[in-house]
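Numbering (this note's numbering), first residue to last: 5 to 132. Think of the CB as a built atom: it goes at the ideal place given N, C-alpha and C, for glycine as much as any other residue. Since the model is a prediction, treat every value here as computed from it, not as a measurement. As structure tokens, the structure follows; a few thoughts come after it.
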């Protein structure tokens, strides 16, 4: 194999690796989320990797964000006031629990990155 062919092969291989790495970094989910009064939205649980949620509270009611770790339990992460932005990290296997404890519908704009193979479901607010 000549030096020119090796250099072209190496350049092509590096290009493919860069493309794959960039595709992995660019994975994200966007959600315009509405949560009814007395409900909670659960994101994740059991996934292999960690994830981040960049949230913007677009509604007129505060929303409580908690983390339910893989090993059990639940703990508070943040309370998003109307208009507030926050970026929150969740560990591998954990769930993000977004609670609407108010009597009005909540409205959030979410951008989820990291491990995006996540379960998504509404639940009654049993875990406060």
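Straight across, the Cα-Cα distance linking residue 35 with residue 51 is about 19 Å. Secondary structure at residue 117: strand, using DSSP grouped into helix, strand and coil. Following the DSSP letters along the chain, one finds residue 33 inside the beta strand (DSSP E) bounded by residues 32-39.
Looking only at 91, 75, 76, the smallest Cα-Cα distance to residue 82 is reached by 91. Taking the Cα positions, residue 125 is about 24 Å away from residue 87. Looking at the DSSP output, residue 80 shares a beta bridge with 70. Residue state for residue 91 is assigned as strand, using DSSP reduced to three classes.
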